[in-house]
Structures are given as structure tokens and as C-alpha cells.
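Asks: Before I ask anything, here is the structure I am working with.
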């Protein structure tokens, strides 16, 4: 078995967990097996495809390498056959979504830095990669995307991407920085939901 | 008159029939002539534009060559002046949509193979090209895209793209393979609607 | 201070006014500060990103140069702290939207001509750039995009882009043509709303 580089692992894990979040949403909406596969592929691959189109890295890796599509389809299969098991975890879509948010924020930011974008745009690209798949998933079932409905969502992705930028400039170990950033995104997101943290709203509305 | 290559014909026909499907939807929603043109252009050109952006073949042919835009506008005109005639055909939007699905599934897959993508990603690109225009059309009028609501939709596009891949590997005639694939997509889609075929859903939901 | 080229000014002004329109919409929906920032960035940057992805000019300037992101965030800040002031202007989102429509129609068309697209596709790209940001903004809050709901919207962008094409072919001064085109888009859009101009609808619907 090949040892895959870190970036590929982040992408494949993000694809799998976002894929499951899309597939579970499809199961709850009573969609058939093909609708489940479509939503799984959309949630799992759209973020990376948007990232690669924005970077001009075409065709996107999600398209050029079959393992991404197979991973998204495996996620669809997992949810199709095992959704009752997965649902027993509390708030499973939210937790998987938080994990995918972390994987993709880190992978998007890393790829942007590798192509020599400046720190601020690299953070923006990380956020876009992270929220893109979920936004497409939610739009396809005509729900307002979670990135707008939820308390601390884009912010969590932004902090993860910022950790990657700071870690890269400090010359720290790639895998340690990536792990820390994914954990930070996941923790911030889950804790903010658990405690109902709310960000400030504009006054007088 | 030039003899256009097969791929261009597939694209123009797909643009025209998807364009009419978009324009008819706009007419039904009571949109004005510009709304009709916007929805016609969106439905007719978005699938090919997504395909070309994913392949890095920019600017997309739909933008680089005026005949695509003119074809979509001709579709808008057809629907604006002739919608009562077109509506007399039973379920006209569904039938045109099925035909456009076939044209774009085949054109997307062929273009991906020409740019040397692997078979599996080429099939995925065919499906994305085929469902992209319709998804944008439906999202613009705030409907859940047909690709998720309907029984056998992405599957029909997938089978058409798979026929193109198998035909190309078997070295069969391009036009025979393309014609067979378009006919297969159309037949599978229309028959599935006619008989109300339903794909399996996850148990216990 | 550098003297920025005309195209950059058009883009930055379009980003700022569309950014404010997105942020005001977010304030009205009661979104928190991060939702406001997301909608501001989406409305302000999506049109230009779509333009650059279609032209293959990647990474998009909105991503490569931090000033675009900072401009969109400044728009979010303006709306967050000053929304009561901005709202006192009558129909502020509509007027800002009309201005952004003009800036982006002109900038999209100019960039397409600079990359030697034909006149008709250049006009289409101008329209796509102009309506793209607003469409993404409206889709994110699950509203049907203004481009379909409103009377004279895509048409106003089209006329502005056409003025750019004609002016370029006549060899007129860049800044005079751009100013005229932006003013024309703004005037057509605002007057059409003021007087309730309606374009023709298909008969017998």
C-alpha cells in the first residue's frame, strides 16, 4: 500500500465525512439510492472542486483521481446501509459536518499556500473549500446553507486556516499543524453548538 | 454551410432543448421576456460551462463561440412565441429535459475522454454536465433540483456516459455510440417516469 | 498612494457596494456578524470569481489580491455599524445593487475584451459578472434571485456591456466609456423600478 501524502488524506477524510453528512440528509428527506449518491457526491466533492477551479488546478483532483469519487460513493453506501447506526450518535450530521469543515479548511489553505497565494487569500480559500461542499448540499435540498444559519461556522473554518498559515510561517511540522488545526475547527464548532454561543448581531434591527 | 463536428451538434442540441425547458419554466412562472431569456441561457449553457471550467478548457466554448448564446436565445424565442404549441406535447418540459440530459451526458463524457481523463471520472463529468444546467435552472426559481426529486435521473445520465466509455474502448464508430447513448438516456428517463419506477430507499426511515 | 488602473477601481467599487447590499440583507435577516461577513463576501466577490473562472484567469483577482477581501469586509463593517444610517436612504439595497450591477457589467465586459473574446460573448460575460454576485447572495438566503424577479435587471447590465463594446470598437476614451456605461446601467435600473416598467410576458399563460 502506498503511503499517501498528508494533503490526500485530509481530502479523502473530508470527502468521506461530508459525503456521509450529505447521504444522511438525503436519507432523512426520503430520497432514493440515487438521490443519496448525488447528495453524497455533491457534499463530498464540491468543496474541493470549487477550490481547484479557483486555483486553476484543473481538472480538479476530485475528478482526475477515481479514489475521490469512490470515497464519496462509499460514504453513500455507509449511510444507506448503516444510517440507523450512525444516527444513534447524537447530532451525527452536525458532528460529521464539523469534522469535514476542519479537513477541508486545512486542505484548502495548504493547497493555496503551496501555490504561493498570500496568507489572507489562503485563509479565504480554506474557508471557501470548507463551506462550499456543505453549501451545495444544503442548496440542493432547498435549505438555507448552514454557514449562514449557524452560530460559529465560517469562523471555525477561518481559525483552522489561520492556524495552518501561522504554522507554515513558523516552520512547524506539517502533520502536527494540520492535526492541531483540524482539532481546533472541530472543537470550536462542536462547543459553540453545545453551549449555544451566539455571535453579536447588528443593533436596532 | 460548414459540417460541424459531432461534439458541437450534441452541445447545440442540448443547449436548445435545455434552453426551451428553462424558458417554458419561466413562462409558467409568469416571468417577463428577460427572465425567460435568463432562464433559457442558464439552463442551456450552465452545464457546458461547468464542464469546461472543471476541465480547465477556458474560456468555455459556450462563451467563446457566439452560436451557443444565439442557440439559447433562439430557444427562449421559441418558447416565448410558441409555448402553447410546445405545451400541447404531453409533459413537454420533462421530455425536453430527458433529451437534453442525453445530449449533455454524452458531450461531457466525450470531452473528458478527449482530454484523457480515466473512465470513471469521465462518467462523473458526463453526469455533472448533464445535471448541471437543470440544477441551475431549478435553483434559480427556488425549486429543489429535479436530479434529487425524480426517480431515475442521474442514473440515466450515468448509463449514457458509461455507453460512451465502453464504446470508445471498443473502438466503435463515434456517431453510432453517441446516438445509442443519447437514445438510451432518453428512453430510460421517459420510461421510468411513465411507469413510475422507483429506486430503493434506505430502510427504517 | 498608487494610482490604480480603471479596471481595479470598477472592481473594488462593485465589491464594496455589492458587499454592502449583501451585508444589509444579512442584517435584515437577523444574521450574526459572521453571517453578515459571509454574505458580504459572497455578494461582493462571487461575480468577479465567476468571471475569472470562466476566463481561465486563475487564481481570480478577488483571491490573489487581499484588497478585494478587505474591501468586502469593510462593506460588512459599514453595514454592521452603520446600517441605520444606510437604511435611511430610500430603498438602499436596490440602489446599491443597481450601482454594483453597473460596475461589474462594465468590468466583466472589459476583461473579456482584453482577453480577445468576441463582442457577443463579451457582453454575456459582463452580464454574468454583474448578476453572479447578487444571484449567489440571494440563493444563500433562499430567495429567488433578483435577476428573475425584477423587471429590467439583466437587460440593464446588457446595455451597459454593449456600451463598453461599442465604445471600444469606436476607439473612445476608456474612462469616459466606462463612466457612461455605469451611469446607464444605474439609470435604467433605478428608473425602471421607479416607474414600474414591465417587460412583455408570453401571451396566454
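Chains as they are written, first to last, in this note's numbering: chain A, 58 to 262; chain B, 58 to 262; chain C, 58 to 262. Yeah, the Cβ is synthetic: ideal placement off N, Cα and C, and Gly gets one too.
(1) Are the segment 122-136 of chain C and the segment 89-106 of chain C in contact at 8 Å, needing three or more beta carbon pairs?
(2) Comparing C-alpha positions only, which one of A/252, A/218 and A/231 sits nearest to residue 241 of chain A?
(3) Flag residue 209 of chain A as yes if its beta-carbon sits less than 9 Å from any beta-carbon of chain C, otherwise no.
(4) Opposite residue 89 of chain A in the DSSP bridges: which residues?
(5) I need the DSSP call for residue 78 of chain A, collapsed to helix, strand or coil.
(6) Could you pull the start and end residues of the alpha helix (DSSP H) that residue 244 of chain C belongs to?
(7) Under DSSP, the alpha helix (DSSP H) around residue 123 of chain A begins and ends at which residues?
(8) Examine chain A for any beta-carbon lying closer than 9 Å to the beta-carbon of residue 169 of chain C, and answer yes or no.
(9) For residue 110 of chain A, would you say it is in contact with chain C, using Cβ-to-Cβ distances shorter than 9 Å as the test?
(10) List the residues of chain C that residue 199 of chain B touches, going by C-beta distances under 8 Å, in chain order.
(11) Taking any Cβ of chain A, which residues in the segment 158-183 of chain B have a Cβ under 7 Å from it, in chain order?
(12) Only counting the same chain, and skipping five residues up and downstream in sequence, which positions put a Cβ closer than 6 Å to that of residue 58 of chain A?
(13) Return helix, strand or coil for residue 178 of chain B, following the three-state DSSP convention.
(14) Rounded to whole angstroms, what's the CA-CA distance from residue 5 of chain C to residue 178 of chain C? Just pull it up for me.
(15) For residue 73 of chain A, collect the residues of the same chain with a Cβ closer than 6 Å to its Cβ; drop the 5 residues on either side in sequence, then sort them by chain order.
(16) Quick check: what's the CA-CA separation for residue 239 of chain A versus residue 152 of chain A?
(17) Going by other Cβ atoms of all chains shown within 10 Å of its Cβ, with 16 needed for buried, is residue 137 of chain A buried or exposed?
(18) Closer than 6 Å by C-beta to residue 190 of chain B: which residues in its own chain qualify, once you throw out the five before and the five after it? Chain order, please.
(19) For the alpha helix (DSSP H) that residue 204 of chain C lies in, which residues bound it at each end?
(20) Tell me the DSSP secondary structure of residue 228 of chain C in three-state form.
(21) Note down, in chain order, each residue of its chain lying with its Cβ closer than 6 Å to the Cβ of residue 193 of chain C, except the 5 sequence neighbours on either side.
(22) List the residues of chain C that residue 212 of chain A touches, going by C-beta distances under 7 Å, in chain order.
(23) Taking only three categories from DSSP, how would you classify residue 216 of chain B?
(24) Can you tell me whether residue 232 of chain B is buried or exposed, with buried defined as 16 or more other CB within 10 angstroms of its CB?
(25) Note down, in chain order, each residue of its chain lying with its Cβ closer than 6 Å to the Cβ of residue 67 of chain C, except the 5 sequence neighbours on either side.
(26) Would residue 135 of chain B pass as an interface residue toward chain C - the criterion being a Cβ-Cβ separation below 9 Å?
(27) How should residue 243 of chain C be labelled, buried or exposed, when 16 other C-beta atoms within 10 angstroms of its C-beta is the threshold for buried?
(28) So which residues on chain A does residue 142 of chain C lean against when the C-beta distance must stay under 7 Å?
(29) Can you tell me whether residue 210 of chain B is helix, strand or coil according to DSSP?
(30) Three-state secondary structure (DSSP) at residue 115 of chain B?
(31) Residues of chain A with CB under 7 Å from residue 117 of chain C, in chain order?
(32) For the candidate residues C/130, C/121 and C/79, whose alpha-carbon lies nearest to that of residue 200 of chain C?
(33) Which residues in the same chain as residue 86 of chain C place their Cβ atom closer than 7 Å to its Cβ, once the five residues preceding and following it in sequence are excluded?
(34) Taking only the alpha-carbon atoms, compute the straight-line gap between residue 88 of chain C and residue 246 of chain C and give it to the nearest angstrom.
Replies: Per the coordinate set shown:
(1) Cβ pair count under 8 Å is three or more, so yes.
(2) Closest by alpha carbon: A/218.
(3) Interface annotation, residue 209 of chain A: in contact with chain C, CB-CB separation under 9 Å.
(4) B/258, per the DSSP bridge assignment.
(5) Residue 78 of chain A sits in a helix when the DSSP states are folded into three classes.
(6) 231-251 is the span of the alpha helix (DSSP H), which, as asked, contains residue 244 of chain C.
(7) Counting along the chain, the alpha helix (DSSP H) containing residue 123 of chain A begins and ends at 123-145.
(8) Residue 169 of chain C does not count as touching chain A.
(9) Answer yes: the Cβ-Cβ gap between residue 110 of chain A and chain C drops below 9 Å somewhere.
(10) Near residue 199 of chain B (Cβ distances below 8 Å), the residues of chain C are 199, 200 and 201.
(11) From the segment 158-183 of chain B, only 174, 175, 177, 178, 181 and 182 have a Cβ closer than 7 Å to chain A.
(12) Bear in mind that the predicted position of residue 58 of chain A carries a pLDDT of just 42, short of 50, making it too unreliable to give a figure here.
(13) The answer is helix: DSSP assigns residue 178 of chain B an H, G or I state.
(14) Any property of residue 5 of chain C remains undetermined from this structure, which presents chain C solely from 58 to 262.
(15) Closer than 6 Å at Cβ, skipping near neighbours: 128 and 132.
(16) Looking at the two C-alpha atoms, the distance is approximately 13 Å.
(17) Counting the other CB atoms within 10 Å of its CB gives residue 137 of chain A a total of 16 or more, which places it among the buried residues.
(18) Excluding sequence neighbours, residue 190 of chain B sits near 75, 100, 103 and 104.
(19) Looking at the DSSP string, the run of the alpha helix (DSSP H) that includes residue 204 of chain C is 203-206.
(20) Residue 228 of chain C carries a coil assignment under DSSP once its states are collapsed to helix, strand and coil.
(21) 99 and 103.
(22) Near residue 212 of chain A (Cβ distances below 7 Å), the residues of chain C are 91.
(23) Secondary structure at residue 216 of chain B: helix, using DSSP grouped into helix, strand and coil.
(24) The residue is exposed, with fewer than 16 neighbouring Cβ atoms inside 10 Å.
(25) For residue 67 of chain C, the CB contacts under 6 Å within the same chain, skipping 5 residues up- and downstream, are 160, 163 and 164 in chain order.
(26) Residue 135 of chain B is outside the set of residues whose beta carbon lies under 9 Å from a beta carbon in chain C.
(27) Residue 243 of chain C is classed as buried because its beta carbon has at least 16 other beta carbons within 10 Å across all chains shown.
(28) Counting only Cβ-Cβ distances below 7 Å, residue 142 of chain C has no contacts in chain A at all, with the closest Cβ about 11 Å away.
(29) Coil, per DSSP.
(30) Coil at residue 115 of chain B, not helix or strand.
(31) Within chain A, the residues whose beta carbon sits less than 7 Å from that of residue 117 of chain C are 111, listed in sequence order.
(32) Taking only the C-alpha atoms, the option nearest residue 200 of chain C is C/79.
(33) Cβ neighbours of residue 86 of chain C within its own chain (closer than 7 Å, five residues either side excluded): 198.
(34) In a straight line, the C-alpha of residue 88 of chain C is about 28 Å away from that of residue 246 of chain C.
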